[in-house]
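One structure below.
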Amino acid sequence: MPSKRVRPEVLTFTPYVPGLSIDEIKARYGLETVIKLASNENPLGVSPIVQQVLAHAVDQVFRYPQNHSPRLTQAIAKAMGVPAEMVVAGNGSDEIIDLLLRVVAQPGQDNVVCYEHSFSMYAMMARMCGVEYREVPRGEDFRLPLESLAEAVNHNTALVFVTSPDNPTGLAARAEELMVLSGVLPPGALLVVDEAYMDFTWPPEEYSMMNAAAELGNVVVLRTFSKAYGLAGLRLGYGVMPVWLADHVRRARPPFTVNLLAEEAGIAALDDDTFYSATLEVVFTGRERLLKRLPELGCTVWPSQANFVMFQPPLSAGVVCEELLKRGIIVRHLKSFGLPANIRVNVGTGPETEAFLKALEEILNA
Ligand SMILES: *Cc1c(COP(=O)(O)O)cnc(C)c1O
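The sequence shown begins at 22 in our numbering and counts up one residue at a time.
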């Protein structure tokens, strides 16, 4: 019985289900063009400067990269105003989540705490590490339940996860509220604030825990190059964490998980203010447009500080998603987040966002 050789965590594991790819949708519905607004990717694509840097670096890929990506780590530290010793770069922030669990959470003993309807990676990786995953209910209207998180922790809590701005709701917690949470955690518990969408908040100083992380001693901030920097396919993210923890994380991880092209692209992306500002401009404009237009079409929307909007259509969300797919538009049905009545759509280019709204109007008026 080969499955007897497999760990029980793996046998009962439900793998991450990404949305269909553009090519899969084209084949299934016989479409020539498809607009993907389902994975919160950058509407402007890859920065032209980063593309040049990548092309230039291609002839170096026969070399191993430098372990722990010291040049990139320095560049991140400078951009974020934190000491480089606190920065650990990873193969997407997903790798940092996995490393944190493996470094601080004892299998079969410790727990990690989050709230319901959140990013599935925390639960998946906790379970895969044999660590108990505790989930508290959200507050009214999906509010981030910071008080309930504080009540759910105990002396075996290794990590408390908060996504801010939150995926899939777009709601953000204020830095002062998160500082209160960090202040009431028992010694030994770390607050992990996943700031994948922090670039899209305004004003970011009121929301980001980046500065606080350098001072508080029990806070880890996660960031990614997958969204505002347009590098999802290269896999690059990082954590900013207490120096003792960063040292252990670096010791525990396999070498070279950040590849040579990702390191070069990351350094160039941090320096490319033009592309970054253009991204924010498109996202802010498109987000405002979605938040205004969706209620006019009879949908309920939630205020968003991210590059996407969550909404509830007046018809079945499953039907609406299917009808959008037939028209070549991919959005995210939130069934997988435990919210079967809701949909998440990310801001596209101006024309993409308009095409989505037009198709939705057609569907809702049919
Ligand atoms: C997109 C996203 C990330 C980024 O993950 P990467 O592994 O860096 O691509 C992290 N956290 C949340 C909540 C996200 O939605």
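Even glycine gets a Cβ: it sits at the ideal position worked out from N, Cα and C.
Check your understanding: Could you give the distance in angstroms between the alpha-carbon of F221 and the alpha-carbon of A249?
Key -> Residue 221 sits at position 200 when you count from the first residue of the sequence shown. Residue 249 sits at position 228 when you count from the first residue of the sequence shown. Each residue's Cα considered, the two are about 8 Å apart.
Check your understanding: What residue from K99, F140, E62, R314 has the CA that sits closest to E382's CA?
Key -> Within the sequence shown, residue 382 is the residue found at index 361, counting from 1. Checked all of K99, F140, E62, R314; the closest Cα to E382 is R314.
Point to revise | Three-state secondary structure (DSSP) of M230 | key: Counting from one through the sequence shown, the residue named residue 230 turns up at place 209. Coil.
Check your understanding: What number of angstroms, rounded off, separates the C-alpha of N280 from the C-alpha of R256?
Key -> If you number the sequence shown from 1, residue 280 lands on position 259. If you number the sequence shown from 1, residue 256 lands on position 235. Going from the Cα of N280 to the Cα of R256 covers about 9 Å.
Point to revise | Cβ neighbour criterion (16 or more within 10 Å) applied to Q72 | key: Start at 1 with the first residue of the sequence shown, and residue 72 comes out as number 51. Burial call: exposed.
Exercise for review: Compute the distance between the beta-carbons of N386 and Y218, then report whether it is under 8 Å.
Suggested key: Start at 1 with the first residue of the sequence shown, and residue 386 comes out as number 365. Start at 1 with the first residue of the sequence shown, and residue 218 comes out as number 197. Going by C-beta atoms, N386 is not nearer than 8 Å to Y218.
Exercise for review: Tell me whether L32 is buried or exposed, calling it buried when 16 or more other Cβ atoms sit within 10 Å of its Cβ.
Suggested key: The residue labelled residue 32 in the question sits at position 11 within the sequence shown. Exposed, since its Cβ has fewer than 16 Cβ neighbours within 10 Å.
Review point. Contact check, L165 vs V134 under 8 Å by CB: the rounded distance?
Key: In the sequence shown, counting from the first residue as 1, residue 165 sits at position 144. In the sequence shown, counting from the first residue as 1, residue 134 sits at position 113. L165 to V134, Cβ: 13 Å. No contact.
Review point. Is G191 near ligand 1, with its Cβ less than 7 Å from a heavy atom?
Key: Along the sequence shown, one-based indexing puts residue 191 at 170. G191 Cβ: outside cutoff for every heavy atom of ligand 1.
Review point. Among residues of its own chain, excluding the 5 on either side of E198, which ones have a beta-carbon nearer than 7 Å to its beta-carbon?
Key: Translated into positions along the sequence shown, residue 198 becomes position 177. L167, listed in sequence order.
**Study point:** M107 versus G238 - alpha carbon distance
**Key:** As a first step, residue 107 is located in the sequence shown; it is residue number 86 there, counting from the start. As a first step, residue 238 is located in the sequence shown; it is residue number 217 there, counting from the start. Distance between the alpha carbons of M107 and G238: 11 Å.
**Study point:** Proximity winner among L346, G359, V368, H269, relative to L41 (alpha-carbon distances)
**Key:** The count along the sequence shown starts at 1 and reaches residue 41 at position 20. The shortest Cα separation from L41 among L346, G359, V368, H269 belongs to L346.
Review point. Would you say the beta carbon of A290 comes nearer than 7 Å to a heavy atom of ligand 1?
Key: Position 269 of the sequence shown, counting from 1, holds the residue named residue 290. Incorrect: A290 has no Cβ contact closer than 7 Å to ligand 1.
Review point. Fully enclosed by the stretch 299-374, which alpha helix (DSSP H) runs are 4 residues long or longer?
Key: 338-347
Check your understanding: In terms of alpha-carbon separation, which member of P189, T295, A105, E137 lies closest to N367?
Key -> For the purposes of this step, residue 367 is taken as the residue at position 346 of the sequence shown. Of the candidates P189, T295, A105, E137, the one whose C-alpha sits nearest the C-alpha of N367 is P189.
Point to revise | Any non-hydrogen atom of ligand 1 closer than 7 Å to D220 Cβ | key: Here residue 220 refers to the residue found at position 199 of the sequence shown. No; taking the cut-off as 7 Å, the Cβ of D220 has no heavy atom of ligand 1 nearer than that.
Practice item. Kindly list the residues whose CB is nearer than 8 Å to the CB of Q62, restricted to its own chain and excluding five residues on each side of it in sequence; keep chain order. Key: Numbered from 1 along the sequence shown, position 41 holds the residue referred to as residue 62. The amino acid at residue 62 is misidentified as Gln; the sequence shows Glu. For E62, where only same-chain residues beyond five positions count, the Cβ hits under 8 Å are S247, K248, G251, A253, N367.
Check your understanding: What is the DSSP secondary structure of K248, reduced to helix, strand or coil?
Key -> Here the question's residue 248 lines up with position 227 in the sequence shown. Three-state result, K248: coil.
Check your understanding: What is the residue span of the alpha helix (DSSP H) that Y259 lies within?
Key -> Indexing the sequence shown from 1 puts residue 259 at position 238. First-last for Y259: 258-261, but that is the beta strand (DSSP E), not the alpha helix (DSSP H).
Exercise for review: With a threshold of 16 other CB atoms inside 10 Å of the CB of G66, please say whether the residue is buried or exposed.
Suggested key: The count along the sequence shown starts at 1 and reaches residue 66 at position 45. By the 10 Å Cβ count, G66 comes out exposed.
Check your understanding: With C-beta atoms as the reference, is G160 less than 8 Å away from V330?
Key -> On the sequence shown, residue 160 is found 139 positions in, with the first residue counted as 1. On the sequence shown, residue 330 is found 309 positions in, with the first residue counted as 1. Against a cut-off of 8 Å, the Cβ pair of V330 and G160 comes out as no contact.
Exercise for review: Given a cut-off of 8 Å, decide if A96 and I288 are closer than it, judged by their beta-carbon atoms.
Suggested key: What you label residue 288 is simply residue 267 of the sequence shown in a count that begins at 1. What you label residue 96 is simply residue 75 of the sequence shown in a count that begins at 1. Yes, Cβ-Cβ distance for I288 and A96 is below 8 Å.
Review point. Would you call the CB atoms of G260 and V124 closer than 8 Å?
Key: Residue 260 sits at position 239 when you count from the first residue of the sequence shown. Residue 124 sits at position 103 when you count from the first residue of the sequence shown. Taking 8 Å as the Cβ cut-off, G260 and V124 do not qualify as a contacting pair.
**Study point:** As assigned by DSSP and simplified to three states, the class of D187
**Key:** By 1-based counting over the sequence shown, the position of residue 187 is 166. If DSSP states are grouped into helix, strand and coil, D187 belongs with coil.
Point to revise | Environment of Y228 [buried if 16+ CB atoms lie within 10 Å] | key: Here residue 228 is taken as the residue at index 207 of the sequence shown, counted from 1. Y228 is buried by the Cβ-count criterion.
**Study point:** Extent of the continuous beta strand (DSSP E) run through A110
**Key:** In the sequence shown, residue 110 corresponds to position 89, counting from 1. Segment 108-111, the beta strand (DSSP E) holding A110.
Practice item. Evaluate V428 with the Cβ neighbour count: other Cβ atoms within 10 Å of its Cβ, from every protein chain shown; 16 or more gives buried, anything less gives exposed. Key: With the chain running from 22 to 387 in the structure shown, residue 428 is simply not present.
Review point. Roughly how many whole angstroms lie between the Cα atoms of A210 and M262?
Key: Within the sequence shown, the letter at position 189 stands for residue 210. Within the sequence shown, the letter at position 241 stands for residue 262. Cα to Cα, A210 sits roughly 13 Å from M262.
Check your understanding: Looking at G371 and ligand 1, is the gap between the Cβ and the nearest heavy atom below 7 Å?
Key -> In the sequence shown, counting from the first residue as 1, residue 371 sits at position 350. It does not: the Cβ of G371 is nowhere closer than 7 Å to a heavy atom of ligand 1.
Check your understanding: With respect to 7 Å, is the separation between the Cβ of F358 and the closest non-hydrogen atom of ligand 1 below this value?
Key -> Position 337 of the sequence shown, counted from the first residue, corresponds to residue 358. Checking the Cβ of F358 against ligand 1 gives no.
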